[in-house]
Amino acid sequence: MVLGGISLEGRTVLHVLARGSLTAIRYRDEILRPLVRPYAGAVGPGFLLMQDNARPHVAGVCQQFLQDEGSEAMDWPARSPDLNQIEHIWDIMFRTIHQRHVTPQTVQELADALVQVWEEIPQETIRHLIRSMPRMAARRALKAVLVDLSGTLHIEDTAIPGAQEALKRLRSAPVTIRFVTNTTKECKRTLLERLRRLHFDISEDEIFTSLTAARNLLEQKDVRPMLLVDDGALPDFEGIATDSPNAVLIGLAPEHFNYQRMNLAFRQLPFLWQNGSEERFDGSEKSKIVRCLAEGCSSLEIAKLLRRDHRTIKRFMANSQQCRKKRVGQKKGAK
1 MVLGGISLEG RTVLHVLARG SLTAIRYRDE ILRPLVRPYA GAVGPGFLLM QDNARPHVAG
61 VCQQFLQDEG SEAMDWPARS PDLNQIEHIW DIMFRTIHQR HVTPQTVQEL ADALVQVWEE
121 IPQETIRHLI RSMPRMAARR ALKAVLVDLS GTLHIEDTAI PGAQEALKRL RSAPVTIRFV
181 TNTTKECKRT LLERLRRLHF DISEDEIFTS LTAARNLLEQ KDVRPMLLVD DGALPDFEGI
241 ATDSPNAVLI GLAPEHFNYQ RMNLAFRQLP FLWQNGSEER FDGSEKSKIV RCLAEGCSSL
301 EIAKLLRRDH RTIKRFMANS QQCRKKRVGQ KKGAK
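Okay, here's the thing in structure tokens:
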């Protein structure tokens, strides 16, 4: 591992970490104290250290050292190493060594080659990279932000502390904001009323929910759904034709997951689809499948089941019966 620093008017010496891994103590004693401290003094007032969020960099002993020295470190976003122009210097060094006719054969030869290449990089190259940062930042600037509602702005009827102020600061940025949630239990209007009671400045057209996505899909497919959703979600489907349904839309609605409703739902699905071909299955098989569902088999298994053939259906039902017998046996054994 090698470490070094660059600026418009110069660079530090390149430090080659000879053995072991970089710890917070080594970073303080081998980088901050002998390299950063004198370089900061040479730069003078206004020195600002740019480093990523590697654990040794942000460790308490290193932060305390910088504070004691009066050196300020820039706040750094997570997972953004390419924002630091020194990454381009590392790339130049790698390509330069790779293109040599005689490549280093030992660790020491590699270390010597790296130091030599580091010292030979023109200062004008470094200046050009640093001065390109505003242009890069403009090109990569955020244009939109998606904010998850539950757990980010609020939890049920309680606002997350500081969330209103954070949203106000975000509003001041030149970005488009949309608020998203995967809830299927309440309509957008109810959700918006809750947010406004919590003093969030949000408009209805800024909210996109899973119900919004479901409605868009229903309109795109031009189907008439049987709505197995919570009653609180129904307003989001106003205007959608539900007479003579030819599809089933399922949301989080435990009160509707009973034998009668599920039996009705399966009657809306007279076909099994597999690779573009369709097959009918009779009522007795559907009744058995619904019984399996009512007794606790997962909806994911049912979703997969509806895409398979009759043989798979019968195997699934046989496995379900074996599982039920096993559970009954375990209960008897426990008694």
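Just so it is clear: in the sequence shown, position 183 is 183 by the UniProt record's numbering, and no numbers are missing. Virtual Cβ for every residue (Gly too), placed ideally from N, Cα, C. Fair warning: this is a prediction, and the values are worked out from it, not measured in the lab.
Give me the Cβ distance between residue i and residue j, rounded to the nearest whole Å; I'm assuming they're in contact under 8 Å.
i	j	result
Glu211	Ile240	For clarity, residue 211 is Leu in the given sequence; the question names Glu instead. With 8 Å as the limit, Leu211 and Ile240 do not qualify as a contact, their Cβ atoms being about 11 Å apart.
Ala233	Thr184	6 Å
Ser71	Val36	7 Å
Pro56	Ala24	5 Å
Arg261	Asp236	Their Cβ separation, rounded to whole angstroms, is 20 Å, which puts Arg261 and Asp236 out of contact at 8 Å.
Ala163	Leu153	5 Å
Leu14	Val175	With 8 Å as the limit, Leu14 and Val175 do not qualify as a contact, their Cβ atoms being about 39 Å apart.
Ile155	Ile121	That belief does not hold up - the Cβ atoms of Ile155 and Ile121 are roughly 52 Å apart, past 8 Å.
Leu49	Leu66	7 Å
For residue i, does the three-state DSSP call read helix, strand or coil?
i	result
Thr242	coil
Gly276	The predicted position of Gly276 is uncertain, since its pLDDT is 35 and thus under 50; no value can be drawn from it.
Ala144	strand
Leu264	helix
residue 337	An answer regarding residue 337 cannot be provided, because it is not within the stretch 1 to 335 covered by the chain.
His256	helix
Ile121	coil
Thr96	helix
Pro161	coil
Thr184	coil
Phe237	helix
residue 345	What is shown of the chain runs 1 to 335, which leaves residue 345 out entirely.
Ser299	Its pLDDT being 45, under 50, Ser299 is placed unreliably by the model, and the measurement read from it follows with that caveat. Ser299: helix per DSSP, three-state reduction.
Ala173	coil
Ile202	coil
Leu149	coil
With a Cβ-Cβ cutoff of 8 Å, do residue i and residue j count as a contact?
i	j	result
Val180	Phe208	yes
Asn246	Val223	yes
Asp93	Val117	It is worth fixing the name first, because residue 93 is Met in this sequence and not Asp. It is a contact, given that the beta carbons lie within the stated cut-off.
Ile31	Ile86	no
Arg194	Leu146	no
Lys188	Glu206	no
Leu198	Ala159	yes
Ile97	Ala113	yes
Cys62	Arg33	no
Gln268	Val248	yes
Ala73	Gln51	yes
Any idea if residue i is buried or exposed, counting beta-carbon neighbours within 10 angstroms, 16 or more meaning buried?
i	result
Phe266	buried
Ala40	buried
Pro77	exposed
Gly4	buried
Ile126	buried
Lys326	exposed
Met226	buried
Glu9	exposed
residue 369	Because the chain spans 1 through 335 in this model, residue 369 falls outside it and cannot be assessed.
Leu142	exposed
Glu186	buried
Measuring only from the beta carbon, is residue i closer than 7 Å to any heavy atom that is part of the ligand ZN?
i	result
Phe179	Looking for the ligand ZN in the displayed structure turns up nothing, as the structure carries no ligands at all.
- Task: Could I get the ranges of all uninterrupted alpha helix (DSSP H) runs contained in the UniProt domain "Tc1-like transposase DDE" (2 to 101), with 4 residues as the minimum, in chain order?
- Result: 37 to 43, 55 to 58, 60 to 69, 86 to 98
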